[in-house]
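Here the structure comes first, spelled out in structure tokens, and everything after it is commentary.
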Amino acid sequence: MAAKGADRRERERTSQPELAGIPPAGVAQKLDRLVHERLRLGILSALSVNESLTFTELKKLLDTTDGNLSVHARKLEEAGYIACTKGFSGRVPRTDYRLTAAGRRALDRYLDHMEALIQAMRDK
Amino acid sequence: MVLMASILPLRTPAPQPAEMQEHAMDNLRYIRRTMEQAGSFTAVPGIGGICMGATALAAAWIAVGRTGPGWLLLVWLLEACIALTIGIAGAALKSRRARAPLLSGPGRKFVAGFAPPLAAGALLTAVLYHAGAVQFLPGTWLLLYGASVLSGGAASVRVVPLMGACFMAAGAAALLAPAWGGLALALGFGGLHVVFGLVIAVKYGG
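Taken in sequence, the protein lines are chains A and B.
So the number in our numbering is just where the residue sits in the first sequence, counting from 1, plus 107.
So the number in our numbering is just where the residue sits in the second sequence, counting from 1, plus 198.
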């Protein structure tokens, strides 16, 4: 089951022919599709400078809706990039997110790719 | 004769290098902006705070036994200038080590919260000195410096606003018991800076 999920994620990452204006060539080819989406990139960036953030804090920070945030957060959680803890603050349900080591590596890789892409374009 | 047109596949035009570069730069800007909005100002210097406390203790020692309002003002204004220089230099060094600009989003928020109470303190110092109410200067300084640290520290790690609250408590005590103003200055600007500087240095580095 887990292997099936991993296969699906791998396909999702590599099968896209084009990523928002970046062709599947050269540096851009290795781009992580999962990180490349704007809101997911925002979630990873925000969590990279905080030990953890609640669902409400992320929603406010990224100025998005409950549904949108939960869909994208779940995708990152399924990929093992973020970890989610559900609990209660008094009687109010509370969801905390934190960045995993794999998520930090993915964000670092993505940053490297962006910088390499800019450098490659400058060198042309 | 039948004419047949050749069918060419529709292809999205490949993005130009300039477009790709702009897109990548836009992504990096978005990441930086999000990090700035989500992050806290962590360049509050721990070791710098300890040094500020040490110079404040030296100032308190120099001020002991010297009578006259002019001495109090001279010694502590000089100390304020030295402490401010140490604080700025410490924060700059710490942010350089972290490879982050000092006046990034959280840094600007810190300054925006820190500066107004400090300016109010400078104005009140002049007013109280001219009114001959110098016994209230230590309490006013501690209270308004505490307000600066508390409001600026809202954009920083939790221990910073706590330090501000302690300074405000020390200032309130000094205003209620002006005769103990000298001791309050030593314990406040000296003791609190050293204690919280140690906590910041150990928990959050330099």
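By construction, the Cβ of each residue, glycine as well, lies at the ideal position given by its N, Cα and C atoms.
From residue i to residue j, what does the alpha carbon distance come to, in whole angstroms?
| i | j | result |
| --- | --- | --- |
| residue 364 (chain B) | residue 293 (chain B) | 25 angstroms |
| residue 221 (chain A) | residue 340 (chain B) | 48 angstroms |
| residue 399 (chain B) | residue 248 (chain B) | 9 angstroms |
| residue 126 (chain A) | residue 222 (chain B) | Confidence at residue 126 (chain A) is low in this model, with a pLDDT of 42, below 50, so its placement is unreliable and the value that follows should be read with caution. The alpha-carbon atoms of residue 126 (chain A) and residue 222 (chain B) are separated by roughly 11 angstroms. |
| residue 362 (chain B) | residue 387 (chain B) | 11 angstroms |
| residue 343 (chain B) | residue 318 (chain B) | 10 angstroms |
| residue 265 (chain B) | residue 369 (chain B) | 21 angstroms |
| residue 194 (chain A) | residue 201 (chain A) | 5 angstroms |
| residue 233 (chain A) | residue 373 (chain B) | Residue 233 (chain A) lies beyond the residue range present for chain A, which begins at 108 and ends at 231; the question has no answer from this structure. |
| residue 227 (chain A) | residue 166 (chain A) | 35 angstroms |
Residue i: which of the options sits nearest, CA to CA?
| i | options | result |
| --- | --- | --- |
| residue 186 (chain A) | A:207, A:169 and A:145 | A:207 |
| residue 155 (chain A) | A:166, A:138, A:212 and A:173 | A:212 |
| residue 243 (chain B) | B:276, B:321, B:283 and B:333 | B:283 |
| residue 214 (chain A) | A:227, A:152 and A:146 | A:152 |
| residue 256 (chain B) | B:392, B:328 and B:217 | B:392 |
| residue 351 (chain B) | B:253, B:273 and B:311 | B:311 |
| residue 375 (chain B) | B:356, B:338, B:274 and B:326 | B:338 |
| residue 205 (chain A) | A:184, A:218, A:197 and A:225 | A:184 |
Less than 7 angstroms between CB atoms is the rule here; does residue i satisfy it with respect to chain A?
| i | result |
| --- | --- |
| residue 352 (chain B) | no |
| residue 226 (chain B) | yes |
| residue 218 (chain B) | yes |
| residue 222 (chain B) | yes |
| residue 229 (chain B) | yes |
| residue 366 (chain B) | no |
| residue 140 (chain B) | In this structure chain B extends from 199 to 404, so residue 140 (chain B) is not present and cannot be described. |
| residue 253 (chain B) | no |
If we cut at 7 angstroms on Cβ distances, does residue i have a partner in chain B?
| i | result |
| --- | --- |
| residue 153 (chain A) | yes |
| residue 147 (chain A) | no |
| residue 157 (chain A) | yes |
| residue 225 (chain A) | yes |
For a minimum of 4 consecutive residues, which ranges assigned as the alpha helix (DSSP H) are wholly contained in the region 229-291 of chain B? Entirely contained in the region 229-291 of chain B, the alpha helix (DSSP H) runs reaching 4 residues are, in chain order, 244-261.
Unbroken alpha helix (DSSP H) runs of length 4 or more, entirely within the region 134-194 of chain A: which are they? Entirely contained in the region 134-194 of chain A, the alpha helix (DSSP H) runs reaching 4 residues are, in chain order, 140-143, 145-155, 162-169 and 173-185.
Using a Cβ-Cβ cut-off of less than 8 angstroms, list which residues of the region 332-347 of chain B approach chain A; keep chain order. Answer set for the region 332-347 of chain B: empty.
Proximal residues, the region 158-171 of chain A versus chain B, C-beta separation under 9 angstroms: For the region 158-171 of chain A, the set of positions with a beta-carbon nearer than 9 angstroms to some beta-carbon of chain B reads 160, 164, 165, 168 and 169 in chain order.
The region 264-284 of chain B: which residues have C-beta closer than 9 angstroms to a C-beta of chain A, in chain order? For the region 264-284 of chain B, no residue has a beta-carbon sitting nearer than 9 angstroms to a beta-carbon of chain A.
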